[in-house]
Structure formats: C-alpha cells, structure tokens
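First residue of the sequence shown? That's 7 in our numbering, and the numbers climb one at a time after it. Just so it is clear, CB atoms sit at the ideal spot from N, CA and C, and this is done for glycine as well. Keep in mind the model is a prediction, meaning the values are calculated, not measured. Take a look at the structure set out below.
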Amino acid sequence: MKSKFFKIHELMPKLLYETIQEDVLWRMIPDEIIESIDAVKARFSSGSMTINNYFWEGDREWSGLRLKGSPFYSEGSLHSLFEAFDAVFSDYDAQRVRDYIVAHPDEFPHIRRLEGKVSWLHADIKETNTKKIVIFNA
Numbered sequence: 007m008k009s010k011f012f013k014i015h016e017l018m019p020k021l022l023y024e025t026i027q028e029d030v031l032w033r034m035i036p037d038e039i040i041e042s043i044d045a046v047k048a049r050f051s052s053g054s055m056t057i058n059n060y061f062w063e064g065d066r067e068w069s070g071l072r073l074k075g076s077p078f079y080s081e082g083s084l085h086s087l088f089e090a091f092d093a094v095f096s097d098y099d100a101q102r103v104r105d106y107i108v109a110h111p112d113e114f115p116h117i118r119r120l121e122g123k124v125s126w127l128h129a130d131i132k133e134t135n136t137k138k139i140v141i142f143n144a
C-alpha cells in the first residue's frame with residue numbers, strides 16, 4: 007500500500023530512502039500506519055502536514071521510522087517498529103488535531119494512542135484493549 011498524500015522519503019529516514027528500492031520501503035510500513043497518516047492529512051488538508059522533510063533540507067528525519075543509532079532511537083519504541091509517527095502542521099496546532107481525533111475515533115480506526123502535552127502530533131497503533139483513544143505523556 008502507498009500513501010495517497012506522501013512520498014516515501016517523507017516517511018523513511020534518508021539512509022533507507024537512498025539505499026532501498028521504493029516498492030520495498032512501502033511494504034515495510036504497516037498498512038494501518040499509512041491509512042492513519044492519510045486519514046489525518048485528509049481531515050486536516052489545509053496547509054502542510056510534515057513528517058520528514060530532510061529531502062528539502064529540513065531538520066526532520068526521524069518522525070517516522072527510527073533506526074538503531076539514530077538520534078531519537080529507543081529500543082522498544084513504536085517508532086522503531088514503524089507503529090508510530092510524528093507530524094507538524096502549518097495551519098493547525100497539535101492540540102486541535104488531537105482533540106479532533108479523540109472526538110472522532112471512527113475516522114481514525116487504527117490510531118490507538120496520542121501523546122499529549124507536546125507541540126507535535128504523535129500517533130501510534132499500539133493495542134490498548136479499549137475503543138477509546140488513549141492520551142499519554144512521555
């Protein structure tokens with residue numbers, strides 16, 4: 007499955023983007039993550055939703071998959087399993103996005119948890135055994 011809105015370099019770190027074929031990279035991402043990213047972008051369509059932007063000389067490279075040895079890598083992190091993503095928006099603040107997702111979970115059926123009290127959106131697909139979206143603080 008490929009994203010309707012994002013290119014693979016926006017989801018994968020530079021090392022993988024530069025060394026692995028695109029079709030293989032897409033297969034590495036769980037469909038639930040792609041569907042979640044696309045659902046968020048479809049709902050918050052005004053302006054940009056940025057995950058990784060190193061391709062355009064930006065400072066974000068580790069907001070999707072995180073590799074061992076990367077600056078934000080943590081063993082057991084959902085980012086290291088590509089079961090989480092972080093995003094920033096040009097036209098929305100992260101709290102507004104979180105509030106909407108929590109209030110409308112049916113629009114985001116795979117998102118199980120959101121990180122609160124941060125200036126970006128962190129969403130993940132970790133099973134919580136509840137139908138409600140869980141807000142956690144790291």
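To the nearest angstrom, how far is it from the Cα of residue i to the Cα of residue j?
{"i": "E133", "j": "S9", "result": "22 Å"}
{"i": "I141", "j": "R104", "result": "9 Å"}
{"i": "S169", "j": "F95", "result": "The question about residue 169 has no answer, for the chain in this structure spans 7 to 144."}
{"i": "F114", "j": "M7", "result": "17 Å"}
{"i": "W32", "j": "D65", "result": "22 Å"}
{"i": "I39", "j": "E89", "result": "6 Å"}
{"i": "L22", "j": "S51", "result": "28 Å"}
{"i": "Y79", "j": "H128", "result": "15 Å"}
{"i": "K138", "j": "I26", "result": "37 Å"}
{"i": "P36", "j": "N135", "result": "19 Å"}
{"i": "E81", "j": "Y106", "result": "30 Å"}
{"i": "A109", "j": "R102", "result": "11 Å"}
{"i": "P45", "j": "L17", "result": "Strictly speaking, residue 45 in this sequence is Ala, with Pro absent from that position. For A45 and L17, the distance between alpha carbons rounds to 15 Å."}
{"i": "A144", "j": "E41", "result": "24 Å"}
{"i": "E24", "j": "V30", "result": "12 Å"}
{"i": "A87", "j": "R49", "result": "The amino acid occupying residue 87 in the given sequence is Leu; Ala does not appear at that position. Near 25 Å, if we compare the C-alpha coordinates of R49 and L87."}
Given a cut-off of 8 Å, decide if residue j and residue i are closer than it, judged by their beta-carbon atoms.
{"i": "G70", "j": "D97", "result": "no"}
{"i": "W68", "j": "P19", "result": "yes"}
{"i": "E28", "j": "I43", "result": "no"}
{"i": "M55", "j": "K47", "result": "yes"}
{"i": "V124", "j": "A100", "result": "yes"}
Quick one: measure Cβ to Cβ for residue i and residue j, integer angstroms, because I've assumed they're closer than 8 Å.
{"i": "I57", "j": "F91", "result": "6 Å"}
{"i": "D73", "j": "D130", "result": "First, the amino acid is wrong: residue 73 is Leu here, not Asp. Their Cβ separation, rounded to whole angstroms, is 17 Å, which puts L73 and D130 out of contact at 8 Å."}
Scan the stretch 58-129 and note each continuous alpha helix (DSSP H) run of 4 residues or more that stays entirely inside, going in chain order. 100-109
Across the stretch 53-62 and the stretch 113-120, are there enough close Cβ pairs to call them in contact, namely three or more that are closer than 8 Å? no
I'd like the ranges of any alpha helix (DSSP H) spanning at least 4 consecutive residues and lying wholly in the stretch 11-47. 20-25, 28-34
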